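Protein chains in written order, with this note's numbering: chain A, -5 to 188; chain B, 32 to 448.
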Amino acid sequence: MNEMMNAMDTNAGAAVDNGVNVAALVEARTALDAAPEAAQFKWRATCEWMNGTHSRSTISGFFGLGEEQSREKSFMVDADHPMQFAAEDNAPTPVEIVLSGLASCLTAGVAAVAQHRGIQLRSVKATLEGDMDLQGILGIDDEVRNGFGAIRVHFDVDADASEDDIKALVAQSQKRSAVFDIVTNPTNVFVSVN
Amino acid sequence: MRYATTVIIGAGQSGLAMSRHLADRSIDHVLIERGEVANAWRKERWDSLRLLTPNWQSRLPGYAYDGDDPNGYMNMPEVVRFLQTYAQRIDAPIHDNTNVKSVRPTERGYFVATDRGEWQCDRLVLATGACNVATVPAIAEGLPNTIRSITPMQYRNPDALPAGGVMIVGASATGVQLAKEIQASGRQVTLSVGEHVRVPRLYRGRDIKWWMDVTGVMDQRYTAVDDINRARRVPSLQLVGTPERITLDLNALVQDGVDVVGRMQGLRDGVAQFSGALANQCALADLKMNRLLDGIDAWASHNGVDAEVGAPERFEPTRVDVNSTLSMHLADRNIRTIIWATGYRPDYSWLHAPVLDRKGRIRHNGGVVDMPGNPGSLYVMGLPFMRRRKSSFIDGAGDDAHELAEHLAASLRSAAA
Chain A
-5 MNEMMNAMDT NAGAAVDNGV NVAALVEART ALDAAPEAAQ FKWRATCEWM NGTHSRSTIS
55 GFFGLGEEQS REKSFMVDAD HPMQFAAEDN APTPVEIVLS GLASCLTAGV AAVAQHRGIQ
115 LRSVKATLEG DMDLQGILGI DDEVRNGFGA IRVHFDVDAD ASEDDIKALV AQSQKRSAVF
175 DIVTNPTNVF VSVN
Chain B
32 MRYATTVIIG AGQSGLAMSR HLADRSIDHV LIERGEVANA WRKERWDSLR LLTPNWQSRL
92 PGYAYDGDDP NGYMNMPEVV RFLQTYAQRI DAPIHDNTNV KSVRPTERGY FVATDRGEWQ
152 CDRLVLATGA CNVATVPAIA EGLPNTIRSI TPMQYRNPDA LPAGGVMIVG ASATGVQLAK
212 EIQASGRQVT LSVGEHVRVP RLYRGRDIKW WMDVTGVMDQ RYTAVDDINR ARRVPSLQLV
272 GTPERITLDL NALVQDGVDV VGRMQGLRDG VAQFSGALAN QCALADLKMN RLLDGIDAWA
332 SHNGVDAEVG APERFEPTRV DVNSTLSMHL ADRNIRTIIW ATGYRPDYSW LHAPVLDRKG
392 RIRHNGGVVD MPGNPGSLYV MGLPFMRRRK SSFIDGAGDD AHELAEHLAA SLRSAAA
């Protein structure tokens, strides 16, 4: 009863394993609360034009915990446009990658929150759809925005929990999601050229 | 310079409850009050405000509401009378109309400078409350100067506002109450909603505050929650005290014609931008409310009170406009006033002691302030979830004062030993 007003109930049982090391995350949270400067991260990507609308991003190092961090390998993310855009369809479009980023962020959040709350997941599947009116990016109508008019995310979650507990997982995941924040709120973007 | 073993700054419910407990322990003390008893209730609240807690819950050590309307909610003059009567009954040693200018630690205690003389004390109790200053987000700087910008500290009633639309930022108790009465005055209200806590005024025929009291939620201790910092930041419940005991949630406001938009995230060139996360904020609030109601139902059935109260019920989910406005040109929409109902914070600008954290919050363990070099010399009261969930309520002052007075008395004994 005393727990019922708490935003996050923790009843993590030893039997629950969603592959998320919650103990490490909780430890990191405590450490970063004490040393906020270490919480200042910078994420990076570089992108090179290949040909046409095809480009390739390389993602590797980042800054965090007070110093440059390197990875053992670099990741490549290609983007292109489909045939219907008179392109070669070498890779998904950038906006589809945005949807993928949102889905991945929310899904990772569902797993982490479930682990923290002691809920065993069996399967999680997110299905996303974004509405776009091409009159925006094609410059046909100035009143139409370039980006998504709306995004719909549907989660199918199979877990050892009540329907409301599962809904709460998904809601809490949105509350703590970086990409959800990025797509729902404005961000200053500074672009420079050499 | 005058001396008292203990100086209490502030003569509201916290200071008075502490005074009573110190008197019970024969600890000599004074209360320094910038105005009169219950000053903030007198001068810093809007006209229509009533307590969010029912009258029966206005309880202080050795004193309680004894009128004929236990389920009603006191208006501000009634609150002032209630506290004034208590101050008289306990014969609290109040120095009123005395402004504290600065507080500095000394070798054995504190030096308190006021506009009516100086005090030296061994123990100091800060009972100045949690709501001295209205907080305004940084984005407010982008507001065009053609739009009047106020906080709830300055708001009194709708008639004092310019004609035209009103933007209210924040949908906790203050924001929803102001939205209702300003909309009713004929001004179109737009309410910007972020994280909020939805509850019904009445549940199964009883006040939600009754349920939270009997189930022990209000008595939950600060050591019993796994993230007390987060628990202390939980916004106030969406509640209003009215004779009709109405529920004031977003659905009720939409019914009244209020436009609901997401959390204000940007304000530039006269255009306000709102978060697209409104649906999730509402979903979180609905889920959280239902968890509370589930807990109440479980308690009622476990304790065999089902027959004495109404049947369990669930409320309509918050109706969210899936196409809620994401940006708004304020002048074009005839917004003439913006009210920042974005929370309050204590003011410690006069406290020259190394006890604040990097965000300006006082460092304390259940009200015992972490005073370097002189532990057990400084106490704070009335902060949200300070020792218990009810710490910032009138009903919470008594238990906190009791325990902190015990602590203070023990620290005096050990200093004397």
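For glycine and all other residues, C-beta sits at the position ideal for the given N, C-alpha and C. As the structure is a computational prediction, the values presented were derived from the model and not from experiment.
Start and end residues, beta strand (DSSP E) containing residue i
| i | result |
| --- | --- |
| B:I259 | It is not in any beta strand (DSSP E) - B:I259 instead sits in the alpha helix (DSSP H) that spans 259 to 264. |
| B:P348 | It is not in any beta strand (DSSP E) - B:P348 carries neither H nor E in the DSSP assignment. |
| B:K421 | That residue, B:K421, is in no beta strand (DSSP E); it is neither H nor E in DSSP. |
| B:Q119 | Counting along the chain, B:Q119 falls outside any beta strand (DSSP E), though it belongs to the alpha helix (DSSP H) covering 107 to 120. |
| B:G103 | Premise fails: B:G103 is in no beta strand (DSSP E) and is neither H nor E. |
| A:T40 | 40 to 45 |
| B:V453 | No answer is possible for residue 453 of chain B: the residues shown for chain B start at 32 and end at 448. |
| B:R51 | Looking at the DSSP string, B:R51 is not in any beta strand (DSSP E); the run it does join, the alpha helix (DSSP H), is 44 to 55. |
| A:T52 | 48 to 53 |
| A:K119 | 115 to 125 |
| A:F174 | From DSSP, A:F174 is part of no beta strand (DSSP E) but of the alpha helix (DSSP H) over 172 to 178. |
| B:Q304 | 302 to 305 |
| B:L387 | Taken as a continuous stretch (DSSP letters only), B:L387 belongs to no beta strand (DSSP E), as it is neither H nor E. |
| A:A81 | Taken as a continuous stretch (DSSP letters only), A:A81 belongs to no beta strand (DSSP E), as it is neither H nor E. |
Contact check, residue i vs residue j, beta carbons under 8 Å
| i | j | result |
| --- | --- | --- |
| B:M20 | B:A432 | The first residue shown for chain B is 32 and the last is 448, placing residue 20 of chain B beyond what the model contains. |
| B:S223 | B:V167 | no |
| B:D304 | B:L361 | At residue 304 of chain B the sequence reads Gln, which differs from the Asp that was named. Not a contact, by the Cβ cut-off of 8 Å. |
| B:D146 | B:S408 | no |
| A:L163 | A:I113 | yes |
| B:I393 | B:V386 | yes |
| B:V110 | B:A69 | yes |
| B:P92 | B:H60 | no |
| B:P348 | B:D328 | no |
| A:V177 | A:L96 | yes |
| B:A71 | B:G103 | no |
| B:Q286 | B:L279 | no |
| B:Q214 | B:V220 | yes |
| A:V47 | A:M70 | Reading the sequence as shown, one finds Thr at residue 47 of chain A and not Val. Not a contact, by the Cβ cut-off of 8 Å. |
| B:I498 | B:S180 | Nothing in the structure corresponds to residue 498 of chain B, since chain B is present only between 32 and 448. |
| B:H126 | B:L47 | no |
| A:H106 | A:L19 | Residue 106 of chain A is actually Ala in this sequence, not His. Contact: yes. |
| B:A161 | B:L414 | yes |
| B:R187 | B:D55 | no |
| B:G272 | B:L155 | no |
| A:A102 | A:F149 | no |
Nearest-angstrom beta carbon gap, residue j and residue i [assumed within contact, 8 Å]
| i | j | result |
| --- | --- | --- |
| B:A372 | B:L209 | 6 Å |
| B:Q450 | B:M243 | In the structure displayed, chain B extends from 32 to 448; residue 450 of chain B sits before or after that span and is not available. |
| B:F346 | B:P266 | Rounded, the Cβ-Cβ distance is 19 Å, inconsistent with contact. |
| B:L435 | B:M412 | 7 Å |
| B:I40 | B:A118 | Going by Cβ atoms, the distance from B:I40 to B:A118 rounds to 15 Å, so no, they are not a contact pair. |
| B:P85 | B:D238 | 5 Å |
| B:A165 | B:Y379 | So it is not a contact: roughly 16 Å between Cβ atoms. |
| B:H227 | B:A316 | 5 Å |
| B:R11 | B:A308 | Here chain B has residues from 32 to 448 only, and residue 11 of chain B is not among them. |
| B:S311 | A:K169 | As written in the sequence, residue 311 of chain B is Asn, which differs from the Ser given in the question. Yes, they are in contact, since the Cβ atoms of B:N311 and A:K169 sit about 7 Å apart, within 8 Å. |
Neighbouring residues, chain C, relative to residue i (Cβ below 9 Å)
| i | result |
| --- | --- |
| B:Q304 | The structure shown contains no chain C; the protein chains it does contain are A and B. |
Span of the alpha helix (DSSP H) around residue i
| i | result |
| --- | --- |
| A:I91 | 88 to 110 |
| B:C313 | 309 to 333 |
| B:V245 | 239 to 245 |
| B:W72 | 70 to 74 |
| A:V187 | Where A:V187 is concerned, there is no enclosing alpha helix (DSSP H), given that its DSSP letter is neither H nor E. |
| A:R23 | 16 to 28 |
| A:S167 | 157 to 169 |
Q: Please list the segments of the alpha helix (DSSP H) lying wholly inside the segment 189 to 229 of chain B, counting only runs of 4 or more residues, in order along the chain.
A: 204 to 215
Q: Identify each residue in the segment 28 to 60 of chain A for which the Cβ-Cβ distance to at least one residue of chain B is less than 8 Å, and report them in chain order.
A: For the segment 28 to 60 of chain A, the set of positions with a beta-carbon nearer than 8 Å to some beta-carbon of chain B reads P30 in chain order.
**Q.** Residues within the segment 153 to 164 of chain A neighbouring chain B, beta-carbon criterion of under 8 Å
**A.** D158, K161, A162
**Q.** Members of the segment 330 to 344 of chain B near chain A, C-beta cut-off 8 Å
**A.** W330
Q: Select from the segment 128 to 152 of chain A all residues with a C-beta closer than 7 Å to any C-beta belonging to chain B, and list them in chain order.
A: none
**Q.** Members of the segment 167 to 178 of chain A that neighbour chain B once the beta carbon cut-off is set at 9 Å
**A.** Q168, K169, F174, D175, V177, T178
Q: Select from the segment 277 to 296 of chain B all residues with a C-beta closer than 9 Å to any C-beta belonging to chain A, and list them in chain order.
A: G293, R294, Q296
Q: Note down, one range per segment and in chain order, each beta strand (DSSP E) of at least 3 residues found wholly within the segment 121 to 153 of chain B.
A: 131 to 136, 141 to 145
Q | Residues of the segment 161 to 173 of chain B with Cβ closer than 7 Å to any Cβ of chain A, in chain order | A | Answer in chain order: no residues at all.
Q: With 8 Å as the C-beta to C-beta threshold (strictly closer), list the residues of the segment 199 to 211 of chain B near chain A in chain order.
A: For the segment 199 to 211 of chain B, the beta-carbon criterion of a distance under 8 Å to any beta-carbon of chain A is satisfied by none of its residues.
Q. Taking a cut of 8 Å between CB atoms, which residues from the segment 99 to 111 of chain B lie near chain A?
A. none
Q: With 9 Å as the limit, tell me which residues of the segment 382 to 403 of chain B have their beta carbon closer than that to any beta carbon of chain A; keep them in chain order.
A: R389
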